[in-house]
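Enquirer:
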Amino acid sequence: MPHTENHILQIKRSIEQIDIKGQYINLASPIYLSGQFNITELLAQYSNNIAQGDAGSALQIGVDEAGRGPLLGSVNVASAILPRAWSGLIEEQPLKDTPLSILTDSKQLSEKKRDTLYPLVQQYALGFIIADIPAAVIDQVNILQATMLGMRLCTEMLLEAIAAHLGTPMLKVEVLFDGNRCPELNYARLEGLGIKESMIDCQAWVKGDARHTSIAAASILAKVSRDTTMYTLDAQHPEYGIAKHKGYPTKAHLEAIETYGVLPAHRRSFAPVRKALGN
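What the sequence shown shows, in the UniProt record's numbering, is residues 1 to 279, in sequence order.
#1: Put Asp97 into one of helix, strand or coil per three-state DSSP.
#2: Would you mind stating whether Ala217 and Ala125 have Cβ atoms separated by less than 9 angstroms?
#3: Using a Cβ-Cβ cutoff of less than 6 angstroms, which residues in the same chain neighbour His165 once the five nearest sequence positions on both sides are dropped?
#4: Exposed or buried, which one is Glu156 when buried takes at least 16 other CB atoms within 10 Å?
#5: If we cut at 9 angstroms on Cβ distances, does Lys12 have a partner in chain D?
#6: For Cys202, does the three-state DSSP call read helix, strand or coil?
#7: Kindly confirm or deny that the segment 213-228 and the segment 98-115 touch, where touching means at least three C-beta pairs closer than 8 angstroms.
#8: Cα separation between His253 and Ser110?
#9: Check for me: the alpha helix (DSSP H) holding Lys275 runs from which residue to which?
#10: As a quick exercise: from Gly127, His266 and Arg211, pick the residue whose alpha carbon is nearest that of Ile90.
#11: For Lys207 and Thr229, I'd like the C-alpha separation in whole angstroms.
#12: Along the chain, where does the alpha helix (DSSP H) containing Asp64 start, and where does it finish?
#13: Who are the near neighbours of Ala28 in its chain, counting only those whose CB is closer than 6 angstroms to its CB and skipping five residues on each side?
#14: In the DSSP assignment, find the beta strand (DSSP E) that holds Gly127 and state where it starts and stops.
#15: Among His7, Leu9, Ser47 and Leu33, which residue has its Cα nearest to the Cα of Lys172?
#16: Would you call the CB atoms of Leu9 and Ala161 closer than 9 angstroms?
#17: Would DSSP call Ile18 helix, strand or coil?
#18: So which of Arg114, Leu176, Pro183 and Pro83 has the shortest CA-CA distance to Glu41?
#19: According to DSSP, is Ile81 helix, strand or coil?
#20: Can you give me the start and stop residues for the alpha helix (DSSP H) that Tyr231 sits inside?
#21: How far does the alpha helix (DSSP H) with Val121 in it reach, from first residue to last?
#22: Roughly how far, in whole angstroms, is the beta-carbon of Gly62 from the beta-carbon of Leu176, given that I think they are within contact range, below 8 angstroms?
Below, the structure is given as structure tokens:
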């Protein structure tokens, strides 16, 4: 795919308030979202379907998270749209002979391979968003709700970009979430943007990052972006050994908390951190 003349839309947003089930919440700390959208390629691959009213060919968005289990740092969520011909079941090998041929569940790949894939996914994706949901928000709403919130925001931001550039009515969109549940999207807001609820098919895929290329792409973006923030924290607090444990509750991490105390980036609602704080 030629990438020289593509119109790339850069997306950066900081969210300090959020509407959850009709209630506005002031977030304890901002959620940062960043990504990009390849308008030229998206139009090239999907505008004909819209013109012909072809609802049988859905655009697929994969969504995954990294960092639900750690005691430290953000949970990162990503959504990704792969090129049409590359989007499908991993076992059917739609990525064979493409630059993403080694892509699968990020947990099955070495860190070196994940680091190789990270810029490639960003280069070839038609669109992607990465959300960083900080520890303060995890403590505010709990880890499940923080993850669902990240999944919702990543999805809505891509849908918004699609509607703005493909126009409405747009083609059917399948949103494939890794895990056993889908977040509740803000359909009232999406309707206001011309995106009908009937056009969005949300699907929960258990172990989806090992089953579908779009979810696997999102898993790479979420995992590598989270690891990058962990290395930054490690440089600031080398005594905690964060580069090794990435914030997970290993013996070394628990001993470091006991010796050096709780960092601002620790999740205070998680039991081992609560215990260290004497709560």
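Note that the Cβ used here is the ideal one computed from N, Cα and C, for glycine as well.
Expert: Let me spell this out:
#1: coil
#2: Contact: yes.
#3: Ile39
#4: buried
#5: No chain D is part of this structure, which consists of one protein chain only.
#6: strand
#7: yes
#8: 22 angstroms
#9: Ala271 to Ala276
#10: Arg211
#11: 25 angstroms
#12: Not the alpha helix (DSSP H): Asp64 falls in the beta strand (DSSP E), residues Leu59 to Ala66.
#13: Ala136, Val137 and Gln140
#14: Segment Gly127 to Ile133, the beta strand (DSSP E) holding Gly127.
#15: The candidate whose alpha carbon is nearest that of Lys172 is Ser47.
#16: yes
#17: Note: Ile18 maps to strand in three-state DSSP.
#18: Pro83
#19: strand
#20: Thr213 to Gln236
#21: Annotation for Val121: the continuous alpha helix (DSSP H) segment containing it runs Glu111 to Tyr124.
#22: 5 angstroms
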